[in-house]
Amino acid sequence: MTATWWLPLVYLKLFPPELPTAIEPLLMGMPLAFDRKAAGDGRAVIQFRVSGAEAGDYHLRVEGGRCRSFAGPAPAPDLVVHTPDTVWIRIARGELDGGRALQDGLYRVEGDLAVLAKMDEWFTPPRGARRTG
Numbered sequence: 000m001t002a003t004w005w006l007p008l009v010y011l012k013l014f015p016p017e018l019p020t021a022i023e024p025l026l027m028g029m030p031l032a033f034d035r036k037a038a039g040d041g042r043a044v045i046q047f048r049v050s051g052a053e054a055g056d057y058h059l060r061v062e063g064g065r066c067r068s069f070a071g072p073a074p075a076p077d078l079v080v081h082t083p084d085t086v087w088i089r090i091a092r093g094e095l096d097g098g099r100a101l102q103d104g105l106y107r108v109e110g111d112l113a114v115l116a117k118m119d120e121w122f123t124p125p126r127g128a129r130r131t132g
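Going by numbering that gives the first Met the number 0, 110 is the number at position 111 of the sequence shown; the sequence numbering is gapless.
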């Protein structure tokens, strides 16, 4: 039997799916956009407090060159992102510059701002997404 477990991973890299337009699959799928080389030995717990029609709490745990996503709040996040669902979807899809949206008060953050800055390096935009920065 041949080892074909890697075929779906290669396929996803070559033909990435359209980004979700709903917040839960988008946030839960962020590990698929994680660049382990860029993250190196970085560590962070990033909580998303989402408001709007799809309100909820989600968090990412980055450590050991891996990123894992979880539904629900994190016990001790390094960074908390308070965002309307529509704003973060537009940022993730490359339709809205995250830095400008923060300056304009479209979302707010609490905690380690260095983690927020690193997110741009740690998560690569999907092929075909517009970069607005």
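For glycine and all other residues, C-beta sits at the position ideal for the given N, C-alpha and C.
query	result
T85: first and last residue of the uninterrupted alpha helix (DSSP H) it sits in	84 to 91
Secondary structure of D119, DSSP reduced to three states	helix
Distance, L112 Cα to G71 Cα	22 Å
Assigned secondary structure, A54 (DSSP; H/G/I helix, E/B strand, else coil)	coil
Touch test, the stretch 33 to 53 against the stretch 73 to 89, Cβ-Cβ under 8 Å, three pairs minimum	yes
Simplified DSSP state of D96, which is helix, strand or coil	coil
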